[in-house]
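*Asks:* Numbered per full-length UniProt numbering, the sequence shown spans residues 1 to 207.
Quick reminder that beta carbons are idealized off the backbone N, C-alpha and C, glycines included.
Quantities reported herein were computed from a predicted structural model and do not represent experimental measurements.
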Amino acid sequence: HLVVGAGCDLPPGTYHYDPLAHAATRRAGARHPAAGALVVLTLVPQRTIWKYGLRSLPILLLDLGHAVGALAAAAQTLGLSTWATFDANGADLARLTALPSPDRWLVTWPDTDPEYPLAAVWVTREAAPPPALDTVLDTVLDTAPCGAAAATGGTPPSARPCPRLTAGSSTMPAPVPAARKEVTERVGAGAEPVGDRVDVGGDLVYE
């Protein structure tokens, strides 16, 4: 998801990015007061759990780290600066991107799979660090109903279903409900403030 401010190729606003179509769909108007863009990365555990069960958690987190690293590398080739943060509150990031929180997702959009916002990456043209994410979140969330689309039902970011299996499949085992419950609970627990902001403008740093 993209929260775009001034000085970007896209007009300011909140967008959902579809990687398969390589297209951005605008979901809300301008709410980002700072120049540059904030990329909010989400996980959809069901897309991995249906195949890997309890082994999904490290795979999901590795995918998240790879996505952050790839974004930083791509930005660097364009002469842009990036900062990654893993300490933002998942519920705030959900509101910022006009998404329902995971615990309200199925109530808002039945028969779709919840997204868990776990990381955010600033992308700017400036070498100086961007404003603190908490400051921007406070400003944006206090001045606009960022979750309006989700609160009123709206439209899910993507109607594309993820792979699902039924019992008796001849190719792969059916998903285990207990595995899904444990992995999603642990992923959801990760959508809480932990760690510090990490400068990923050069080599990716893990803490």
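Determine, using beta-carbon pairs with one atom in the stretch 21 to 31 and one in the stretch 105 to 125, whether at least three such pairs fall under 8 Å.
*Replies:* no
*Asks:* How is residue 5 classed by DSSP in three states: helix, strand or coil?
*Replies:* coil
*Asks:* On a CA-only basis, which of 100, 45, 104, 38 is nearest residue 62? Give me that one, please.
*Replies:* Answer by Cα proximity: 45.
*Asks:* If you follow the alpha helix (DSSP H) that residue 67 is part of, which residue opens it and which one closes it?
*Replies:* 56 to 77
*Asks:* Would you list the residues sitting across from residue 22 in a DSSP beta bridge?
*Replies:* BP columns for residue 22 are empty, so no partner.
*Asks:* Quick check on DSSP: helix, strand or coil for residue 11?
*Replies:* The answer is coil: DSSP assigns residue 11 none of H, G, I, E or B.
*Asks:* Do the stretch 1 to 17 and the stretch 55 to 74 meet, that is, are 3 or more Cβ pairs less than 8 Å apart?
*Replies:* no
*Asks:* Could you name the residues of the same chain whose beta carbon sits closer than 6 Å to that of residue 105, not counting the 5 residues immediately before and after it, in chain order?
*Replies:* 114
*Asks:* What residue range is occupied by the uninterrupted alpha helix (DSSP H) comprising residue 102?
*Replies:* 102 to 108
*Asks:* Which residues does DSSP pair with residue 39 in a beta bridge?
*Replies:* Residue 39 pairs with 2, 121.
*Asks:* Given this structure, state the Cα-to-Cα distance separating residue 53 from residue 35, to the nearest angstrom.
*Replies:* 41 Å
*Asks:* Does the Cβ of residue 147 have 16 or more other Cβ atoms within 10 Å, making it buried, or fewer, making it exposed?
*Replies:* Residue placement at residue 147 cannot be trusted, given a pLDDT of 43 that sits under 50; what the coordinates show is reported in the next sentence. With 16 or more Cβ atoms within 10 Å of its Cβ, residue 147 is classed as buried.
*Asks:* From residue 23 to residue 39, what distance separates their C-alpha atoms?
*Replies:* 14 Å
*Asks:* Please report how far the alpha carbon of residue 56 lies from the alpha carbon of residue 116, in whole angstroms.
*Replies:* 14 Å
*Asks:* Given a cut-off of 8 Å on the beta-carbon distance, is the pair residue 43 and residue 20 in contact?
*Replies:* no
*Asks:* I'd like to know whether the C-beta atoms of residue 100 and residue 108 end up nearer to each other than 8 Å.
*Replies:* yes
*Asks:* Cα separation between residue 17 and residue 50?
*Replies:* Taking the straight line from one Cα to the other gives about 23 Å.
*Asks:* Give the secondary structure of residue 98 by DSSP, where H, G and I count as helix, E and B as strand, and everything else as coil.
*Replies:* coil
*Asks:* Return yes when the Cβ of residue 93 is within less than 8 Å of the Cβ of residue 68, no when it is not.
*Replies:* no
*Asks:* Please report the straight-line C-alpha distance between residue 9 and residue 83, rounded to a whole angstrom.
*Replies:* 19 Å
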